[in-house]
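Chains as they are written, first to last, in our numbering: chain A, 176 to 411; chain B, 545 to 627. Just so you know, even glycine gets a beta-carbon here, dropped at the ideal spot from N, CA and C. The structure displayed is predicted, hence computed values, not measured ones. The structure under discussion appears below in the form of structure tokens.
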Amino acid sequence: MLEQTKDWDDDFYEKWKPIAMGFVNEAQKCLQCGKCTGQCPAAAVTPSYNPRKMIRDLVNGNIKRVLSSVELWQCFFCGGCYAACPMDINFQFFVFMLRLAAMNEGYGWEDVKQLEGYAEKDYLKNGVTVSDFERNPFVVDTRGDISKIREAAGLTSKRQVSDRAIAEINMLSDLTGMTSFMKKIGGVELLDCRTCTPEQEKKCKHKPMPSRVGKTKTHLRFYNYGEPGGKKHAEA
Amino acid sequence: MANNYNNYLEAYGKETSRDAGDRTLNYFSELFSMEIPMSRMMKMMPGMVKFMMAGKGERDDLMKFMPQMMPMVKQAITGKKEE
């Protein structure tokens with residue numbers, strides 16, 4: 176299936192700029208030099224991920240391709256693209272905004288849904304953002320458990336957050352709408368990597384997704400900027 | 545749930561990028577709206593109550609913040625923006 180003129184909306188970016196409260200101001204300055212992609216750690220391991228192409232699609236208005244892509248969810252906000260950009264384009268803000276838009280279109284929910292477990296089990300209960308039970312097994316094997324490292328450094332094994340701070344976190348979560356958002360999306364079972372069975376591992380790889388979130392119908396995403404590790408469809 | 549589409553063009557079907565763009569623009573204009581509707585204000589209440597219950601210091605802090613909150617509360621209840 177080929178792209179047609181209807182797949183491009185030239186006005187979108189100009190219309191979006193005043194609404195987005197300064198978050199997406201500079202994209203029209205993009206030179207398409209590709210420095211962002213060249214230094215990107217996510218692009219280094221996932222050849223299909225390409226910030227340059229995503230900025231191009233945003234400015235030229237191929238909003239369908241950006242929002243329905245898997246690649247939009249591969250950024251982990253390191254900020255390297257912003258540091259390397261000769262035109263000072265803050266691509267992370269774009270990703271942040273575009274992810275919200277993608278969720279509104281029904282894409283990316285299989286990833287977002289997993290946050291509910293973190294919020295309920297850790298963040299809202301004890302104020303810690305990193306789950307104690309979900310650790311990178313490679314790090315645990317090579318560096319050891321973080322609680323032991325903390326103890327060796329003379330700290331408590333677990334990070335302590337005061338009651339007042341936890342109360343404040345809860346209030347902020349309610350005020351900003353995070354709590355109601357988390358309730359809306361529902362949660363999935365979070366698995367402990369240290370005691371993971373093959374059956375659970377299988378489940379982990381096929382993340383469950385609701386057919387609807389609120390009024391939004393959910394969809395699976397596509398590799399719109401090329402397949403990971405492959406040359407097929409790479410020329411988007 | 546699985547969709548049987550091969551690519552995003554098939555998934556969107558006859559919808560143009562303008563349709564998807566308009567939907568997105570509506571979403572953001574609502575999201576970044578400075579007006580707080582009553583429903584959103586009601587969702588904010590449990591958090592403030594929780595914070596007040598946490599201790600006396602927290603209660604005092606929140607009471608100090610209330611004068612700044614009042615115009616927003618009034619606006620949410622009456623729906624009128626104060627000049």
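Discussion item. Count Cβ pairs between the segment 274-291 of chain A and the segment 587-602 of chain B that sit closer than 8 Å; are there 3 or more?
Written reply: Judged by Cβ distances under 8 Å, the segment 274-291 of chain A makes no contact with the segment 587-602 of chain B, as fewer than three pairs qualify.
Discussion item. Runs of 4 residues minimum, wholly inside the segment 279-347 of chain A: which ones carry the alpha helix (DSSP H) assignment?
Written reply: Counting whole runs of 4 or more residues, the segment 279-347 of chain A contains the alpha helix (DSSP H) stretches 284-287, 290-293, 312-318 and 321-327.
Item to complete: Return the CA-CA distance between residue 384 of chain A and residue 359 of chain A, expressed in angstroms with no decimal places.
Response: One C-alpha to the other measures close to 13 Å.
Practice prompt. Closer than 8 Å, Cβ to Cβ, to anything on chain B: give me those residues from the segment 219-246 of chain A, in chain order.
Written response: Taking 8 Å as the Cβ-Cβ cut-off against chain B, the residues of the segment 219-246 of chain A that qualify are 236, 237, 238, 239, 240, 242, 243 and 244.
Worksheet item: Using a Cβ-Cβ cut-off of 6 Å (strictly less than) and excluding sequence neighbours within five positions of residue 341 of chain A, which residues of its own chain qualify?
Response: Closer than 6 Å at the Cβ level, and outside the excluded window around residue 341 of chain A, lie 302.
Discussion item. Residues in the same chain with beta-carbon distance under 7 Å from residue 346 of chain A, minus the five sequence neighbours each way, listed in chain order, please.
Written reply: So no residue of the chain qualifies.
Discussion item. Give me the subset of the segment 550-573 of chain B whose CB atoms are less than 8 Å from a CB atom of chain A, sorted by chain position.
Written reply: Listed in sequence order: 550, 551, 552, 553, 554, 555, 556, 559, 560, 561, 562, 564, 565, 567, 568, 569, 571, 572 and 573.
Discussion item. Let me see if you follow: with CB-CB separation under 9 Å, is residue 590 of chain B close to chain A or not?
Written reply: Yes, residue 590 of chain B counts as interfacial toward chain A.
Discussion item. Measuring only the C-alpha atoms, how far is residue 263 of chain A from residue 257 of chain A?
Written reply: In this structure, the alpha-carbon of residue 263 of chain A lies about 6 Å from that of residue 257 of chain A.
Worksheet item: Any beta-carbon of chain A closer than 9 Å to the one on residue 614 of chain B?
Response: Output row for residue 614 of chain B: interface = no.
Worksheet item: If you draw a straight line from the C-alpha of residue 400 of chain A to the C-alpha of residue 332 of chain A, how long is it?
Response: Taking the straight line joining both Cα atoms gives about 43 Å.
Worksheet entry | Selected residue, minimal CA-CA separation from residue 234 of chain A, among A:245, A:274 and A:185 | Nearest option by C-alpha distance: A:185.
Worksheet item: Who are the Cβ neighbours of residue 299 of chain A in its own chain at under 7 Å, not counting the five residues just before and after it?
Response: Excluding sequence neighbours, residue 299 of chain A sits near 344, 345 and 348.
Worksheet item: Which residues share a DSSP beta bridge with residue 244 of chain A?
Response: DSSP lists A:397 as partners of residue 244 of chain A.
Worksheet item: Does any residue of chain B bring its CB to less than 9 Å from the CB of residue 186 of chain A?
Response: With 9 Å as the cut-off, residue 186 of chain A counts as an interface residue toward chain B.
Discussion item. Once DSSP output is grouped into helix, strand and coil, what is the label at residue 204 of chain A?
Written reply: Reduced to three states, the DSSP call for residue 204 of chain A is helix.
Worksheet item: Candidates A:244, A:183, A:268 and A:206: which alpha carbon is nearest residue 255 of chain A's?
Response: Of the candidates A:244, A:183, A:268 and A:206, the one whose C-alpha sits nearest the C-alpha of residue 255 of chain A is A:268.
Worksheet item: Near residue 386 of chain A, what residues of its chain come up, given a Cβ to Cβ distance below 8 Å and the 5 sequence neighbours on each side ignored?
Response: Same-chain partners within the cutoff: 392 and 393.
Discussion item. For residue 293 of chain A, tell me which candidate among A:285, A:232 and A:305 has the shortest Cα-Cα distance.
Written reply: Residue 293 of chain A has its Cα closest to that of A:305, out of A:285, A:232 and A:305.
Worksheet item: To the nearest whole angstrom, what separates the beta carbons of residue 230 of chain A and residue 195 of chain A, a pair I think is in contact under 8 Å?
Response: Incorrect: roughly 14 Å between the Cβ atoms, too far for contact.
Fill in: DSSP state of residue 192 of chain A mapped onto helix, strand, coil
In the structure shown, residue 192 of chain A falls within a helical segment according to DSSP collapsed to helix, strand and coil.
Worksheet item: From the beta carbon of residue 272 of chain A, is the nearest beta carbon of chain B less than 9 Å away?
Response: By this cut-off, residue 272 of chain A is an interface position.
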